[in-house]
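S.K.: Pasting a structure here, questions to come.
There are 2 protein chains.
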Amino acid sequence: MKSYRTFPAGTEILWRGEPLEYVASVVSGVASLSKTLEDGRTQMVGLLLPSDFIGRPGRNRIEFDVTATTDVTLCCFARTPFEALVLDTPHVAQRLMELALDELDAARDWMLLLGRKTAREKIATFLDMLARRSQMTMTEGAGMANGAALYLPMTRDQIANYLGLTLETVSRQFSAFKREGIIDVPDRRRVLVINLDRLQIATGDDADGGVVA
Amino acid sequence: MKSYRTFPAGTEILWRGEPLEYVASVVSGVASLSKTLEDGRTQMVGLLLPSDFIGRPGRNRIEFDVTATTDVTLCCFARTPFEALVLDTPHVAQRLMELALDELDAARDWMLLLGRKTAREKIATFLDMLARRSQMTMTEGAGMANGAALYLPMTRDQIANYLGLTLETVSRQFSAFKREGIIDVPDRRRVLVINLDRLQIATGDDADGGVVA
DNA sequence: CGGGCCATTGACTTAGGTCAATCTGCGTGG
DNA sequence: CCACGCAGATTGACCTAAGTCAATGGCCCG
Numbered sequence: 001m002k003s004y005r006t007f008p009a010g011t012e013i014l015w016r017g018e019p020l021e022y023v024a025s026v027v028s029g030v031a032s033l034s035k036t037l038e039d040g041r042t043q044m045v046g047l048l049l050p051s052d053f054i055g056r057p058g059r060n061r062i063e064f065d066v067t068a069t070t071d072v073t074l075c076c077f078a079r080t081p082f083e084a085l086v087l088d089t090p091h092v093a094q095r096l097m098e099l100a101l102d103e104l105d106a107a108r109d110w111m112l113l114l115g116r117k118t119a120r121e122k123i124a125t126f127l128d129m130l131a132r133r134s135q136m137t138m139t140e141g142a143g144m145a146n147g148a149a150l151y152l153p154m155t156r157d158q159i160a161n162y163l164g165l166t167l168e169t170v171s172r173q174f175s176a177f178k179r180e181g182i183i184d185v186p187d188r189r190r191v192l193v194i195n196l197d198r199l200q201i202a203t204g205d206d207a208d209g210g211v212v213a
Numbered sequence: 001m002k003s004y005r006t007f008p009a010g011t012e013i014l015w016r017g018e019p020l021e022y023v024a025s026v027v028s029g030v031a032s033l034s035k036t037l038e039d040g041r042t043q044m045v046g047l048l049l050p051s052d053f054i055g056r057p058g059r060n061r062i063e064f065d066v067t068a069t070t071d072v073t074l075c076c077f078a079r080t081p082f083e084a085l086v087l088d089t090p091h092v093a094q095r096l097m098e099l100a101l102d103e104l105d106a107a108r109d110w111m112l113l114l115g116r117k118t119a120r121e122k123i124a125t126f127l128d129m130l131a132r133r134s135q136m137t138m139t140e141g142a143g144m145a146n147g148a149a150l151y152l153p154m155t156r157d158q159i160a161n162y163l164g165l166t167l168e169t170v171s172r173q174f175s176a177f178k179r180e181g182i183i184d185v186p187d188r189r190r191v192l193v194i195n196l197d198r199l200q201i202a203t204g205d206d207a208d209g210g211v212v213a
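If you're matching them up, the sequences are chains A and B in order.
For the first sequence, this note's numbering begins at 1 and goes up steadily by one.
For the second sequence, this note's numbering begins at 1 and goes up steadily by one.
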């Protein structure tokens, strides 16, 4: 009933509309959800990190593609027994509900970003999000002053698709933040945040960091 | 335990962060969810129509403002007894889960619109969405050929905030569709769709209308 | 050493935002 | 009853952020 599957970076995990045989949770790596218009423009609509869940009780198809951004390992369960499990165990159902509501909040923050933020604000928000995430993972004792080393799990092109920009604009904004001394970019996959305060100001969000709350 | 409340058009139903005493469902009218940046730019992140639900089991505050777009009547329940109800009755919990997943799908479609569609495509998608909705409400026997009379529940400014545009751009795109004979705008609150096929082509979506599926 | 593949940078174009003038109803009070 | 005023809508002229197109650069891997 339970099995592990791995997908190399860049491969498709699920196609839009394909019937779902499994539900799964991400064990390691990063996967992305994306939607595409007829003419090929695409928009990422979600990022799946370890512990995130794929699949929807009571639905057997999804409305977007799921792609492995880095190498990904999933832990898969057959759908039917899983649904039976959900029906008997209320607190599993409740947990799934919470996950869905968290995703919904994240999706709404992203709508504000996509609809109203400038390119600069989008990049700042993206980096700030990664910084907060990595901070969560690390020792959360004292508030680790100012700055963090971030790993970018995606190419410029993928970042652009996530933020509703082009890859050139992403690159230019990285360069701008670097020129201003807010970040450093030692190699294409790494960003060193030199001045987190200034980065957060550049996000355009409320000073108190309402996004995470 | 159950009570009705009404809110005149334009008033706030809930403020972001305010503790939720009630959960509610919309009886009549249209309400909107919106998020605002420090400097006042705002983005609507959802529309609530009759039968939609406000409130989240297991959370007592929301991350956005809820505003009455038209006059709105809500049917409210106190939160604590409602949560107890949800816990004992699995199929209520399941129904809420489905609502959350529907909202999530809608949010993701909107992310594609906000991130990648042109102004023209945004307006076409908006009108097409209203047309599909009103079609659902009406006699759904035969597929009502081509065309429909739509009521706009919002001002140009609110439409702009929904679509991530400015009100001037909304107005210009309405005028463009009118000039092309695709719609007519007899008064500010009404739109007559003259050629639904051409409108749907202008949305940029897949020909088969994947959005609704 | 050579060839992809990303990424960066520059020059140029353009969709949509901004600012401002005018128009259209509609409710209100003289 | 009418004129006034106001809120929303339209339209035009202009500007700019970001997209497009194209050349170049660095890096990893065979």
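We put the CB at the ideal spot given by N, CA and C, even for glycine.
This one's a predicted model, so the numbers in the text were calculated from it and none came from an experiment.
Which whole-angstrom value is the C-beta distance of residue 37/B and residue 88/A, which I expect to be below 8 Å?
M.R.: Their Cβ separation, rounded to whole angstroms, is 45 Å, which puts residue 37/B and residue 88/A out of contact at 8 Å.
S.K.: What residues in its chain sit with their C-beta under 7 Å from that of residue 83/A, if we drop five residues either side in the sequence?
M.R.: Excluding residues within five positions, the ones whose Cβ falls inside 7 Å are 57.
S.K.: Report the rounded CA-to-CA distance for residue 13/B versus residue 181/B, giving the unit in angstroms.
M.R.: So the two alpha carbons sit approximately 39 Å from each other.
S.K.: How big is the Cα-Cα spacing for residue 141/B and residue 150/B?
M.R.: The predicted position of residue 141/B is uncertain, since its pLDDT is 47 and thus under 50; no value can be drawn from it.
S.K.: Would you identify the three-state DSSP class for residue 42/A, choosing helix, strand or coil?
M.R.: In this structure, residue 42/A counts as strand in the three-state DSSP scheme.
S.K.: For a contact meaning CB atoms closer than 8 Å, what does residue 64/A contact in chain B?
M.R.: By Cβ distance, chain B contributes 108.
S.K.: Rounded to the nearest angstrom, how far is the Cβ of residue 25/A from that of residue 65/A, given a contact under 8 Å?
M.R.: No, residue 25/A and residue 65/A are not in contact; Cβ-Cβ is about 18 Å, not under 8 Å.
S.K.: Between the stretch 124-138 of chain B and the stretch 122-136 of chain A, can you find at least three pairs of beta-carbon atoms closer than 8 Å?
M.R.: Contact fails: fewer than three Cβ-Cβ distances are below 8 Å.
S.K.: Nearest-angstrom Cα distance between residue 10/B and residue 71/B?
M.R.: Roughly 8 Å between the two C-alpha positions.
S.K.: Are the C-beta atoms of residue 93/B and some chain A residue less than 7 Å apart?
M.R.: Answer yes: the Cβ-Cβ gap between residue 93/B and chain A drops below 7 Å somewhere.
S.K.: Would a C-beta distance cut-off of 7 Å place residue 115/A and residue 114/B closer than the cut-off?
M.R.: Their beta carbons are under 7 Å apart, which means residue 115/A touches residue 114/B by this criterion.
S.K.: Could you tell me how far apart the beta carbons of residue 76/A and residue 16/A are, in whole angstroms, since I believe they sit closer than 8 Å?
M.R.: No, residue 76/A and residue 16/A are not in contact; Cβ-Cβ is about 19 Å, not under 8 Å.
S.K.: Among residues of its own chain, excluding the 5 on either side of residue 169/A, which ones have a beta-carbon nearer than 6 Å to its beta-carbon?
M.R.: These residues qualify, in order along the chain: 119.
S.K.: If you follow the alpha helix (DSSP H) that residue 2/A is in, where does it begin and where does it stop?
M.R.: Taken as a continuous stretch (DSSP letters only), residue 2/A belongs to no alpha helix (DSSP H), being part of the beta strand (DSSP E) at 2-7.
S.K.: Kindly indicate which residue of 123/A, 106/A, 79/A has the alpha-carbon position closest to the one of residue 176/A.
M.R.: Closest by alpha carbon: 123/A.
S.K.: Taking the alpha-carbon of residue 22/A as reference, which of 108/A, 41/A, 81/A has the nearest alpha-carbon?
M.R.: Cα-wise, what sits closest to residue 22/A is 81/A.
S.K.: In terms of residue numbering, what span does the alpha helix (DSSP H) encompassing residue 175/B cover?
M.R.: 167-179 is the span of the alpha helix (DSSP H), which, as asked, contains residue 175/B.
S.K.: Which of the three DSSP states is assigned to residue 143/A in this structure?
M.R.: Here the model assigns residue 143/A a pLDDT of 47, short of 50, so the residue's position is not dependable, and the following value carries that caveat. Residue 143/A: coil per DSSP, three-state reduction.
S.K.: Ends of the alpha helix (DSSP H) at residue 64/B?
M.R.: Premise fails: residue 64/B is in no alpha helix (DSSP H) and is neither H nor E.
S.K.: What distance in whole Å lies between the Cβ atoms of residue 8/B and residue 61/B, which are believed to be in contact at a cut-off of 8 Å?
M.R.: Actually they do not touch by this definition, with Cβ atoms about 24 Å apart.
S.K.: What's the call for residue 109/B, buried or exposed, on a 16-neighbour Cβ count within 10 Å?
M.R.: It counts as buried.
S.K.: Restricting to runs no shorter than 4 residues, where is the alpha helix (DSSP H) found entirely within the stretch 50-125 of chain B?
M.R.: Segments of the alpha helix (DSSP H) lying fully in the stretch 50-125 of chain B: 79-88, 90-116.
S.K.: Which residues in chain B sit within 8 Å of residue 154/A, going by Cβ to Cβ distance?
M.R.: The contacting residues do not exist; residue 154/A stays about 16 Å from chain B at best.
S.K.: Using a Cβ cut-off of 8 Å, which residues of the stretch 66-95 of chain B contact any Cβ in chain A, in chain order?
M.R.: Here the close residues are 87, 90, 93, 94.
S.K.: Using a Cβ cut-off of 7 Å (strictly closer), state whether residue 200/A contacts chain B.
M.R.: Taking Cβ atoms only, chain B never reaches closer than 7 Å to residue 200/A, which makes this a no.
S.K.: Taking only beta-carbon positions, decide if residue 24/A is within less than 7 Å of chain B.
M.R.: No, residue 24/A lies away from the interface with chain B (no Cβ there is under 7 Å from its Cβ).
S.K.: Is the CB-CB distance between residue 28/A and residue 50/A below 7 Å?
M.R.: Closer than 7 Å, so yes.
S.K.: Name, please, each residue of chain A whose Cβ falls closer than 8 Å to the Cβ of residue 168/B.
M.R.: None at all; the shortest Cβ gap to chain A is about 16 Å.
S.K.: Quick check: what's the CA-CA separation for residue 183/B versus residue 193/B?
M.R.: In a straight line, the C-alpha of residue 183/B is about 4 Å away from that of residue 193/B.
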